[in-house]
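The structure under discussion appears below in the form of structure tokens.
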Amino acid sequence: MTYTNSNPLRSPESSTKQISFGVEDPVRDFIGRKDKLKELDGLIEDGMHSAVVISGLGGMGKSELVRKYLLQNKSNVSICHWVNGESAETLRSSFEQFAAYLNVPTTDKQNDKPLQLYYTVNSILNQVKENINLLDKRKYIIVIDNVDDLYDDFIKVTKQLCSYSRSIVIITSRRLFLLEGQSEFMELSEWTKEDAVEYVNQRLNSQQQMDSDVDLLCSTLLCDPLALSQAVAYIRHQKQVSFEGPSYSIRHYLAEYECKGEYLLNKALQVSTQEH
Ligand SMILES: Nc1ncnc2c1ncn2[C@@H]1O[C@H](COP(=O)(O)OP(=O)(O)OP(=O)(O)O)[C@@H](O)[C@H]1O
Ligand SMILES: [Mg+2]
Numbered sequence: 388m389t390y391t392n393s394n395p396l397r398s399p400e401s402s403t404k405q406i407s408f409g410v411e412d413p414v415r416d417f418i419g420r421k422d423k424l425k426e427l428d429g430l431i432e433d434g435m436h437s438a439v440v441i442s443g444l445g446g447m448g449k450s451e452l453v454r455k456y457l458l459q460n461k462s463n464v465s466i467c468h469w470v471n472g473e474s475a476e477t478l479r480s481s482f483e484q485f486a487a488y489l490n491v492p493t494t495d496k497q498n499d500k501p502l503q504l505y506y507t508v509n510s511i512l513n514q515v516k517e518n519i520n521l522l523d524k525r526k527y528i529i530v531i532d533n534v535d536d537l538y539d540d541f542i543k544v545t546k547q548l549c550s551y552s553r554s555i556v557i558i559t560s561r562r563l564f565l566l567e568g569q570s571e572f573m574e575l576s577e578w579t580k581e582d583a584v585e586y587v588n589q590r591l592n593s594q595q596q597m598d599s600d601v602d603l604l605c606s607t608l609l610c611d612p613l614a615l616s617q618a619v620a621y622i623r624h625q626k627q628v629s630f631e632g633p634s635y636s637i638r639h640y641l642a643e644y645e646c647k648g649e650y651l652l653n654k655a656l657q658v659s660t661q662e663h
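Residues 388 to 663 (this note's numbering) make up the sequence shown, in order.
Set out below in structure tokens:
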């Protein structure tokens, strides 16, 4: 990653353009979740707390939902920063990278040692406060992704960020009731059957699939977004490389799945990472 010498917050475009750091676009075939996007918007706009926790099992689409929300609300957000909250180390490193991007020092001038996380976050907040135009009503959103364990630095940093009135902290977690009572909360579970069917039809070209097969695939994989995305990636791949060629279908997949389910999901994981 290359950083310029200037502070992007001071650039003339910062009053109209968004400063975004570490934020990826959602998957191109993002589907459904309209109610959840609305719910998240309601919690951000009208919630009592400045932190929102999105909780759900692995693969339910928490991170994708936040990416989609950020894309849809680009015009209401002036600064957006994505933090890897997996551990105290990833949290610190994400803030240090953002600080370096803003040209904020991350080491102590006196002894050249790394600053404590508190001071780095404090300097970032000061920079943001100094440079955001008071008339600019857009938000500063920090996403802390993958906070599956509650650790000290995470709690402290979240409180620190929430102390600034423009900040919104969105947290994704596999744990229920993280920061209970101190944050807004929403849960993300599997897709509705309609969303799951729409996703499979869209990815596999509906004319070539029997409705009943699509339905069966969705129920077999419990409408789980990650499992379905892996299954369709595998089916698409098999259409190109398998003996059956383009006629490799959901039925072939389900037959394979019946004998070697877990193996197939792992294999599909490799195929889907190649596809992205
Ligand atoms: N709404 C969606 N539309 C299309 N695909 C989706 C959607 N939600 C999730 N997926 C698929 O499921 C995969 C897993 O989603 P995501 O990484 O957001 O899950 P997660 O809940 O954040 O999981 P983890 O707890 O492991 O971080 C995505 O890479 C994508 O392929
Ligand atoms: Mg995630």
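Idealized CB from N, CA, C, for every residue including glycine.
Bear in mind the structure is a predicted one, so any value in this text is a computation, not a measurement.
List the residues that DSSP assigns as beta-bridge partners of residue i.
| i | result |
| --- | --- |
| histidine 468 | Phe408 and Ile529 |
| isoleucine 558 | Val440 and Ile531 |
| proline 492 | Note: proline 492 sits in no beta bridge, so no partner. |
| glutamate 574 | Ser442 |
| proline 501 | Thr494 |
Using the C-alpha atoms, what's the distance from residue j back to residue i?
| i | j | result |
| --- | --- | --- |
| glutamine 484 | lysine 516 | 19 angstroms |
| leucine 548 | lysine 496 | 24 angstroms |
| threonine 664 | leucine 641 | Absent from the structure is residue 664, since the part of the chain shown begins at 388 and ends at 663. |
| lysine 526 | glutamine 627 | 46 angstroms |
| tyrosine 644 | glycine 632 | 18 angstroms |
| asparagine 533 | arginine 397 | 31 angstroms |
| valine 587 | valine 440 | 29 angstroms |
| glutamate 432 | arginine 638 | 45 angstroms |
| lysine 404 | tyrosine 505 | 28 angstroms |
| leucine 489 | arginine 553 | 18 angstroms |
| threonine 389 | alanine 487 | Confidence is the limiting factor: at threonine 389 the pLDDT is only 44, short of 50, which leaves the residue's position unreliable, though a coordinate-based value still follows. So the two alpha carbons sit approximately 10 angstroms from each other. |
| glutamine 617 | tryptophan 578 | 15 angstroms |
| glycine 409 | asparagine 471 | 9 angstroms |
| aspartate 422 | serine 442 | 15 angstroms |
| threonine 493 | tryptophan 469 | 18 angstroms |
| methionine 597 | phenylalanine 417 | 22 angstroms |
| valine 544 | valine 508 | 7 angstroms |
| proline 395 | serine 634 | 52 angstroms |
| cysteine 646 | leucine 604 | 15 angstroms |
| serine 510 | arginine 590 | 45 angstroms |
| threonine 391 | glutamate 411 | Low confidence applies to threonine 391: its pLDDT is 49, below 50, so where it sits in the model is not reliable, and the reading given next is rough at best. Rounded to whole angstroms, threonine 391 to glutamate 411 spans 20 angstroms at the Cα level. |
| lysine 449 | glutamate 581 | 19 angstroms |
| aspartate 671 | serine 636 | A query on residue 671 cannot be resolved here, the shown segment of the chain reaching from 388 to 663 and no further. |
| lysine 425 | aspartate 499 | 46 angstroms |
| glycine 434 | isoleucine 406 | 24 angstroms |
| aspartate 602 | isoleucine 557 | 34 angstroms |
| serine 629 | leucine 575 | 35 angstroms |
| lysine 455 | valine 414 | 9 angstroms |
| leucine 563 | tyrosine 538 | 15 angstroms |
| arginine 420 | aspartate 600 | 23 angstroms |
| leucine 452 | histidine 624 | 26 angstroms |
| leucine 478 | glutamine 595 | 46 angstroms |
For the beta strand (DSSP E) that residue i lies in, which residues bound it at each end?
| i | result |
| --- | --- |
| phenylalanine 541 | Premise fails: phenylalanine 541 lies in the alpha helix (DSSP H), 539-549, not in any beta strand (DSSP E). |
| glutamate 567 | From DSSP, glutamate 567 is part of no beta strand (DSSP E); its letter is neither H nor E. |
For residue i, report the span of its alpha helix (DSSP H) as first-last.
| i | result |
| --- | --- |
| tyrosine 621 | 612-628 |
| arginine 454 | 449-459 |
| tyrosine 505 | 504-518 |
| arginine 590 | 580-591 |
| aspartate 602 | 598-607 |
| glutamate 631 | From DSSP, glutamate 631 is part of no alpha helix (DSSP H); its letter is neither H nor E. |
| leucine 431 | As written in the sequence, residue 431 is isoleucine, which differs from the leucine given in the question. Taken as a continuous stretch (DSSP letters only), the alpha helix (DSSP H) holding isoleucine 431 covers 421-433. |
Using a Cβ-based criterion (distance less than 8 angstroms to any ligand heavy atom), does residue i qualify as near ligand 3?
| i | result |
| --- | --- |
| glycine 446 | Ligand 3 is not part of the structure shown, which contains ligand 1 and ligand 2 as its ligands. |
**Asked** So which residues put a beta carbon under 6 angstroms from any heavy atom of ligand 2, going in chain order?
**Response** After applying the 6 angstroms Cβ criterion, the set is Lys449, Ser450, Asp532, Asn533 and Thr559.
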